[in-house]
Each structure stands twice: as structure tokens, then as C-alpha cells.
Amino acid sequence: MGHGRKTFLLDSTVLLYDVDVIQHFKRSNVVIPSFVIDDLDKHVGQKTDYGIIARDQLQFLSELSKTGDINHGVIIDGEILVRIDTLIGSIDKKRLPHLADLPQNRIVHLAYALKGELDNLVVVSRSVATRLSLEVLGIEANDFQPPRKDIDPVSRMRTIHVEKSVIDHSYIDGFVHMPEESFLNNEYVLLLAKEGSQLLCRFHPREKKLFPIRRKGTKVARGILAKNIEQEIALDMLLAEDIPLVSLIGRAGTGKTLLAMAAAFEMVFDKGIYKHLIVTRPVHSLGPDIGHLPGTAQDKLKPLFGAYFDNIETIKEARNEDVGDVAEWVSCQPKIKMEAIAHMRGRSFQRSILIIDECQNCSPHEIKTLISRSGIGTKVILIGDIEQIDAKNLNRYSNGLSEVTSHFANSPIAAYSYLQAVERSALALEASRM
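Residue numbers (the working numbering): 5 to 438.
Rendered as C-alpha cells:
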């Protein structure tokens with residue numbers, strides 16, 4: 005199978021991570037056990053993210069098998085040899101009597117049998133238990149971590165000290181021209197003069213110039229004021245029509261949800277820029293699927309979107325508007341739709357604001373699928389805390405929020421803000437640090 009090349013033995017947890025996962029193993033041999041194919045087939049009928057990936061993965065392998073003998077190996081991308089192993093039936097499980105005869109241990113038995121036959125064998129699994137079992141046997145085992153570029157854990161704002169005249173000229177020209185500096189697309193810059201004056205700007209990709217995002221006071225959306233410079237930056241990107249993808253990352257209490265909803269209300273209800281506000285989120289942290297919760301559809305929404313109802317009440321109170329029961333008010337608004345992510349598949353969004361909350365508990369495939377459904381004139385807002393992940397097999401790097409934000413980090417149509425300042429009580433601030 006190629007001398008000097010590594011051989012990666014993949015289990016179903018890896019193949020169910022992403023449809024294109026095999027392409028990440030450059031210049032190597034990839035072995036897929038036949039029982040993993042059976043595992044994929046068991047997911048095909050599911051109306052879940054895993055079900056979609058399983059179908060696509062099996063289709064890919066089926067097409068690949070038509071190009072050659074996949075039992076002996078088929079080359080893809082000119083450098084990856086892929087084969088399906090069918091030796092599992094001849095493996096003597098008595099050689100590892102300490103392992104229970106469970107489906108998840110089949111990969112361990114196979115790896116042990118292949119250990120002497122293949123040089124540079126590495127088992128790749130997202131299961132910690134599987135990796136531990138292999139390491140005890142002296143077999144190299146790795147988690148699957150796709151190549152990534154980490155998102156910058158700051159507000160994505162740079163501070164530059166300038167002469168006061170630079171700031172003064174911006175009032176005349178309407179922009180700041182600094183050809184000696186290099187900026188990222190949609191990067192935010194705080195210009196500071198030693199006399200004390202300052203100017204917060206955003207670098208516009210098309211004009212290649214810094215434009216002030218405010219002159220006096222603070223950014224406001226629907227009566228909600230930005231309480232710090234991080235929130236000013238967040239509100240600016242939320243209200244910017246030329247930024248169709250915004251990521252707000254931060255712990256609880258930093259204002260992510262309130263700012264997103266305030267901006268959405270202004271652009272949907274006040275300015276009419278968008279026709280609908282759509283809010284969705286996964287249900288990992290709530291236990292059973294929403295369909296198992298008691299009560300009417302309106303009752304089912306309360307535990308899923310309670311934080312949004314609270315923020316809507318705050319937004320309404322900022323204008324002295326009384327809506328009574330917020331959940332009932334929302335259910336009567338044709339411009340507002342709130343649904344679990346599981347119910348969003350197959351939908352398309354035109355001239356809408358789509359808020360996806362708890363993105364850190366979504367797979368990259370889930371977020372990619374929703375974004376790909378965005379039609380012309382749609383803005384997508386991703387919200388989450390990469391330090392609070394409830395979903396199995398996801399971590400601070402492999403979750404949908406981190407991967408999508410990293411992919412669009414320097415895109416002219418995207419911006420992100422890492423909010424750190426907690427704007428709640430001292431008690432809430434201290435709790436967020438636990």
C-alpha cells in the first residue's frame with residue numbers, strides 16, 4: 005500500500021463528521037472497515053445531520069467503487085489510496101479476551117490484527133474510549149482534527165496611535181486613509197490621539213479605506229444602547245447591510261442575544277430591510293426532542309427560546325411598549341419565526357435575518373447547510389460560546405461556530421466579534437468565571 009506512507013484506519017465517528025473527511029488525509033492510505041459501511045447504513049434513514057452525511061458518504065464511496073477495485077484500493081485526488089477492508093470476519097477475538105464483544109470494539113480487534121501487516125498504522129476515531137483501548141495495546145490512535153486557523157480571541161479591534169490631525173481630517177473627508185497600514189476585511193480600528201480624541205472605524209473591503217462607525221454618542225438599535233466598545237463593534241456589524249454573515253462569540257452576559265435581537269427588530273420592523281426574522285437553535289442541552297415536550301407548539305417554544313422572549317420584552321420596554329405574554333405575542337407575529345434546527349432542513353430564506361443560536365453545539369455541516377439555504381438579501385447571525393459545548397464529539401475547534409467563523413475570518417462579506425465584557429451583575433460576572 006505504498007512504503008513510507010501512513011495508513012489511516014477510520015471508524016464511523018470520523019466518517020460521520022463531514023462528507024469530505026477522507027480528503028483531509030493527504031498523501032496517505034485510508035482503510036475503511038466493511039462494518040463501518042454497515043454503521044453508516046444504519047444512519048441513512050434518520051432525519052438528522054448524521055443521516056444526511058451518511059447518505060452522502062455512502063454515495064461517494066459507491067461512485068468511488070466504480071472507478072476501480074476498492075477492495076485493493078482506489079486513488080483519489082492523485083495521492084490518497086482508499087480501500088474497504090473485509091477481513092473482520094476472520095479476526096480471532098479470543099486474542100483480546102479483555103475486550104467486551106461490543107460493536108464499538110470491532111475497530112480495536114481489526115487494528116490489532118492489521119498491526120503486524122501494515123507499517124505506520126494509525127487509527128482515527130472521535131471516541132475517547134476507543135482511542136484509550138488502542139493506546140493500551142500500543143497502537144497509535146488519534147482524534148480527527150481538520151486543519152484549522154484559530155479565531156482571534158479578541159474583539160477583532162486594533163488600536164493605532166495617530167496624530168490628532170488624522171482624526172480631524174476624517175470629519176472633512178468622511179474617511180481615514182492610512183496607506184502605510186495593512187488591514188483585514190471588515191477589521192475594526194480604534195484611532196487614538198495623545199490629546200485624548202479617538203475615532204472608531206471599520207475597514208471597508210471595497211473602498212479599501214477606514215470609515216468611522218460613529219461620530220457622537222454610542223451605537224443604538226431599537227433603543228438598546230451599546231454599553232462598551234465591544235458591543236459598539238457588534239452592533240455596527242449587525243446593522244451593516246454589506247455584511248451578510250456575522251459571528252458573535254462570547255460567554256453568557258456579554259449581550260450577544262440582546263444585541264442581535266435589537267438589531268434584527270430595527271431592520272425588520274422599523275426599516276423594512278428584511279421581511280422576516282427567523283431564530284433557530286439546536287436542542288442538545290434540553291434533553292428530549294422538542295416533539296416530546298408537553299403542551300401546544302407555543303408551549304414547546306418557551307423552554308427552547310426563553311432567553312429570546314426575555315430579550316424581546318427588554319427591547320419592547322426600551323420603547324415603553326407592553327406586549328403582555330411575549331410567547332403569545334411572538335406566535336401572532338407573521339414576521340417572526342422560531343423553530344428548532346431539526347425543523348429547518350429543506351427550507352430556504354429570502355430577504356430574512358436568520359439567527360442561529362448555540363452554534364457551538366452544531367456540527368460544521370449543520371451550519372454550512374443552513375447558510376447555503378440563504379437567498380439573496382438574507383443576513384445570517386451566528387451566536388455561541390465555544391467554552392460551553394454540550395454536543396457529543398464536538399470541541400472548541402471542531403464545532404460549527406469555530407469552523408465557519410475561521411473559514412470566513414477575512415472574507416469581505418463576513419465579520420466576527422469576540423465579546424468578553426460581561427454586562428450583568430457582579431454575581432453573574434463572578435459565576436461566568438467559574
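Glycine included, each C-beta is placed from N, C-alpha and C at the ideal position.
For residue i, does the count of other Cβ atoms within 10 angstroms reach 16, so buried, or fall short, so exposed?
i, result
"leucine 405", "buried"
"valine 18", "buried"
"asparagine 403", "buried"
"cysteine 366", "buried"
"histidine 1", "Since the first and last residues shown for the chain are 5 and 438, residue 1 lies out of range."
"lysine 383", "buried"
"alanine 133", "exposed"
"aspartate 274", "exposed"
"serine 201", "exposed"
"proline 292", "The pLDDT assigned to proline 292 is 44, lower than 50, so where the model puts this residue is not dependable, and the model offers no usable value."
"asparagine 33", "buried"
"valine 158", "Because the pLDDT of valine 158 is 49, which lies under 50, any placement of that residue in the model is unreliable, and the number read from its coordinates should be weighed accordingly. The residue is exposed, with fewer than 16 neighbouring Cβ atoms inside 10 Å."
"alanine 432", "exposed"
"leucine 136", "exposed"
"arginine 206", "buried"
"arginine 285", "buried"
Give every residue of the same chain whose Cβ lies closer than 6 angstroms to the Cβ of residue i, excluding the five residues on either side of it in the sequence, and list them in chain order.
i, result
"leucine 20", "Tyr54, Ile57"
"lysine 231", "Glu427"
"histidine 280", "Lys339, Ser356"
"aspartate 122", "It is leucine, not aspartate, that sits at residue 122 in the sequence shown. So the qualifying residues of the chain are Thr11."
"valine 334", "Ile340"
Strictly by DSSP, which residues pair up with residue i?
i, result
"aspartate 361", "Aspartate 361 is not bridged to any residue."
"methionine 161", "Tyr192"
"lysine 396", "Looking at the DSSP assignment, lysine 396 forms no beta bridge with any residue, so it has no partner."
"serine 421", "Leu252"
"glutamine 202", "Leu196"
"leucine 308", "DSSP, once it has assigned bridges, lists no residue as partnering leucine 308."
"aspartate 89", "Pro37"
"asparagine 146", "Val128"
"methionine 342", "Val283"
So the candidates are the options; which of them puts its Cα closest to the Cα of residue i?
i, options, result
"isoleucine 393", "Thr284, Val283, Pro338, Ile253", "Ile253"
"lysine 396", "Ala418, Ala413, Gln364, Thr382", "Gln364"
"isoleucine 390", "Leu374, Thr373, Ser421", "Ser421"
"glutamate 370", "Thr11, Asp22, Phe12", "Asp22"
"arginine 162", "Leu204, Ser32, Ala197", "Leu204"
"proline 216", "Asp240, Lys70, Ala197, Gln235", "Asp240"
"valine 48", "His28, Leu62, Ser38, Phe39", "Leu62"
"serine 415", "Leu188, Val272, Ile345", "Leu188"
"alanine 267", "Ala225, Ile282, Asp246, Ile74", "Ala225"
"alanine 244", "Asn190, Phe309, Asp15", "Asn190"
"glutamate 317", "Met265, Glu343, Ala344", "Met265"
"phenylalanine 29", "Asp45, Asp73, Asp81, Leu44", "Asp81"
"glutamate 199", "Asp172, Val25, Ile176, His411", "Asp172"
"glutamate 139", "Pro150, Phe148, Leu118, Val126", "Val126"
"leucine 141", "Ser16, Asn109, Asp177", "Asn109"
"asparagine 324", "Tyr312, Tyr278, Phe148, Gly227", "Gly227"
"alanine 346", "Ser169, Asn399, Thr373", "Thr373"
Since residue i and residue j should fall inside the 8 angstroms C-beta cutoff, what is the C-beta to C-beta distance between them, to a whole number of angstroms?
i, j, result
"arginine 377", "arginine 355", "About 13 angstroms; that fails the 8 angstroms criterion."
"valine 193", "isoleucine 164", "6 angstroms"
"threonine 261", "isoleucine 375", "With a Cβ gap of about 19 angstroms, threonine 261 and isoleucine 375 do not count as contacting."
"threonine 258", "leucine 423", "4 angstroms"
"leucine 214", "phenylalanine 269", "That belief does not hold up - the Cβ atoms of leucine 214 and phenylalanine 269 are roughly 29 angstroms apart, past 8 angstroms."
"proline 37", "aspartate 73", "At roughly 17 angstroms, the Cβ-Cβ gap does not stay under 8 angstroms, so proline 37 and aspartate 73 are not in contact."
Using C-beta distances below 8 angstroms, list every residue in its chain close to residue i, excluding the 5 sequence neighbours before and after it, in chain order.
i, result
"glutamate 434", "none"
"phenylalanine 124", "The amino acid at residue 124 is misidentified as phenylalanine; the sequence shows asparagine. The answer, listed in chain order, is Gly8, Arg9, Lys10, Thr11."
Short of 7 angstroms in beta carbon distance, which residues of its chain neighbour residue i, apart from the five on each side in sequence? Order them along the chain.
i, result
"glycine 93", "With a pLDDT of only 47 at glycine 93, under the threshold of 50, the placement of this residue in the model should not be trusted; the figure read from the coordinates follows. Counting only Cβ-Cβ distances below 7 angstroms, and skipping sequence neighbours, we find nothing."
"histidine 181", "Lys213"
"phenylalanine 309", "Val283, Met342"
Say whether chain C places a C-beta atom closer than 7 angstroms to the C-beta of residue i.
i, result
"serine 174", "Considering every chain present, this structure includes no chain C. It has just one protein chain."
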